[in-house]
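Protein chains in written order, with this note's numbering: chain A, 10 to 283; chain B, 10 to 283.
Structure (structure tokens):
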């Protein structure tokens, strides 16, 4: 299989450039990419150092490196562009057309996107994360009035990572409520959820996948038996149907896909944009 | 202030396109952007619907919308490109040069980046998240041998969100250990950390910022007094110095910046790439 070295070079955290590089490069399935992330390249000198590293690799390997860059300052970017790699910089590609469209020059300010330029945004994410932590696994029901969303599902259906992702990525206040055996047997919604039905969203998963996840966690007792898993999932899905709770099957979905689907379905607003 | 509507249109979750749009648009400080995210636009019909929405807004507002897109299928993208907005699509901009460079066609496959195409990657993030949850706030010290990193700092210095972000974004196993008053007074590293010193990274923060955060949380008692906050931070920083623990001041840093700095300083490998 072909192999290529990829440099992800950013004047700040490299979070956006990494995501972009990943989206682009995963389109070439039969190439293996070895990724080197270099964040905080915010001076000409640092750009020159990275360019030297890229040139070093370029000489050593059969093909030149691919460089995914996000450098907002022209003079820093120009330094990097002198390297032997193929440099794809999204500021370079898109700021020009945006300047024309908006009829003004961009500010070329570092770190506006993932920096602390907006402390309100930062605080919102921290508060949302605290909320998710303190209302994880059925805790903190007294704060449900603050929740944007209450995720409901059986143990290990993906509730906790989804809540945390929604908090960190979008500042959304998401609680999660695990369906316990009493809830599943009674076929009723737990009383603590009275008045919050409109906030509930259900997660379900295939019995095979759930068994597999539970087996890795605890292989003794009935927790991961086919019978138990089948009973819980069937009862949970019945509950969702009976109370018209929207739900998503997480079996083949990533955390991003689950989160994005829920926001799209419910219309819950992203409080911050990553 | 000028106002513009921005559509973020993606055939999958829109996570990457949102990050890209945010990086680009925050460069234009004197324009207010109203963002509408439309994920899962994966057919020509859906692209036509979005184009119609964009055209509707375009007629109603003084300026046409800006459209940040990530549509990997040519025929879907072509449908969207017919709209009246300014469409900036990163696949459109970068796949061409990459195909030339790699000397092969891209697979035009949906959702490779944030999808479940790689279950190992998915499991790694979930496991890392479980690890962060179960070793939050000094819990789970018996699992420290599994940790890539142990974040140490006083209460509310940013440990928990950073650990969760490292888990969800990079699959990094990060525990966090809060410095309690006993630790700070003794001036010694807690015994449970014996043997794990190389994994410790310190977080510190300015007294003013810490007071502000603590006051929001609990305004009674000495928790948020200037005296207490000064004592804790001075003692923590002394500890970091004495035991040569690398540290970062989180006062003006976002979660992404803290995470990125730590990975850069320590050389801890990203287990997954977002």
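Built from N, CA and C at the ideal position, the CB exists for glycine as well.
When DSSP builds the beta bridges, which residues end up paired with residue 161 (chain B)? B:186 and B:211, per the DSSP bridge assignment.
Quick one: is residue 36 (chain B) near chain A, going by C-beta distance under 8 Å? Answer yes: the Cβ-Cβ gap between residue 36 (chain B) and chain A drops below 8 Å somewhere.
To the nearest angstrom, how far is it from the Cα of residue 194 (chain B) to the Cα of residue 220 (chain B)? Straight through space, the alpha carbons of residue 220 (chain B) and residue 194 (chain B) are spaced by roughly 20 Å.
Chain-order list of residues whose beta-carbon lies under 6 Å from that of residue 3 (chain B) (same chain, five-residue window excluded): This structure does not reach residue 3 (chain B), given that chain B is present from 10 up to 283, and the question cannot be answered.
Might you give, ordered along the chain, the residues of its own chain that have their beta carbon closer than 6 Å to the beta carbon of residue 238 (chain A), omitting 5 neighbours on each side? Shown here for residue 238 (chain A): same chain residues with a beta carbon closer than 6 Å to its own, the five before and five after excluded, namely 216, 219 and 220 in chain order.
Reducing DSSP to helix, strand and coil, say where residue 224 (chain B) ends up. In the three-state reduction of the DSSP assignment, residue 224 (chain B) falls in the helix class.
Beta-carbon separation of residue 12 (chain A) and residue 62 (chain A) under 8 Å? Residue 12 (chain A) places its beta carbon 8 Å or farther from that of residue 62 (chain A).
Neighbour-count burial assignment, residue 109 (chain B), 16 or more Cβ in a 10 Å radius: Within 10 angstroms of the beta-carbon of residue 109 (chain B) lie fewer than 16 other beta-carbons, which makes it exposed.
Answer with yes or no whether the minimum CB distance from residue 199 (chain A) to chain B is below 8 Å. Not one chain B Cβ lies under 8 Å of residue 199 (chain A).
Buried or exposed for residue 88 (chain B), please, with buried defined as at least 16 other CB atoms from any protein chain shown within 10 angstroms of its CB. Its Cβ being crowded by 16 or more others within 10 Å, residue 88 (chain B) is buried.
Beta bridge counterpart(s) of residue 79 (chain A) as assigned by DSSP: Per DSSP, A:19.
Among the residues of its own chain, which have a CB less than 6 Å from the CB of residue 95 (chain A), if the five just before and after it don't count? Excluding residues up to 5 positions away in sequence, 75 lie with their Cβ nearer than 6 Å to the Cβ of residue 95 (chain A) in the same chain.
Starting from the Cα of residue 69 (chain A), find the closest Cα among A:93, A:202 and A:52 and give me that residue. Looking from the CA of residue 69 (chain A), the closest CA among A:93, A:202 and A:52 belongs to A:93.
Secondary structure at residue 279 (chain A), three-state DSSP: helix, strand or coil? Reduced to three states, the DSSP call for residue 279 (chain A) is coil.
Buried or exposed for residue 170 (chain A), please, with buried defined as at least 16 other CB atoms from any protein chain shown within 10 angstroms of its CB. Residue 170 (chain A) should be labelled buried.
Cut-off 7 Å between Cβ atoms - residues of its own chain near residue 153 (chain B), not counting five sequence neighbours on either side: 159, 184 and 205.
Same chain, Cβ closer than 6 Å to residue 143 (chain B), five either side skipped, listed in chain order: 149.
Do you know whose CA, among A:99, A:15 and A:267, lies nearest residue 82 (chain A)'s CA? Comparing Cα-Cα distances from residue 82 (chain A) to each of A:99, A:15 and A:267, the minimum goes to A:99.
Report the rounded CA-to-CA distance for residue 155 (chain A) versus residue 223 (chain B), giving the unit in angstroms. So the alpha carbons of these two residues sit roughly 20 Å apart.
Strictly under 8 Å for the Cβ-Cβ distance: is residue 144 (chain B) near chain A by that measure? No, its Cβ sits nowhere closer than 8 Å to a Cβ of chain A.
Simplified DSSP state of residue 237 (chain A), which is helix, strand or coil: Under the three-state reduction of DSSP output, residue 237 (chain A) falls in the helix class.
Please decide whether residue 64 (chain A) counts as near chain B, where near means a Cβ-Cβ distance under 8 Å. No, residue 64 (chain A) lies away from the interface with chain B (no Cβ there is under 8 Å from its Cβ).
Find out if the Cβ-Cβ distance for the pair residue 18 (chain B), residue 59 (chain B) is shorter than 8 Å. Between residue 18 (chain B) and residue 59 (chain B), the CB-CB gap stays under 8 Å.
Does the beta carbon of residue 29 (chain B) come closer than 8 Å to any beta carbon on chain A? Yes, residue 29 (chain B) counts as interfacial toward chain A.
Residue 180 (chain A) vs residue 137 (chain A) beta-carbon contact at 8 Å: Taking C-beta atoms as the reference points, residue 180 (chain A) and residue 137 (chain A) count as a pair closer than 8 Å.
Mapping the DSSP letters down to three states, classify residue 198 (chain B) as helix, strand or coil. Residue state, collapsed to three classes: coil.
Does residue 255 (chain A) get closer than 8 Å to chain B when you measure Cβ to Cβ? No, because no Cβ of chain B sits closer than 8 Å to the Cβ of residue 255 (chain A).
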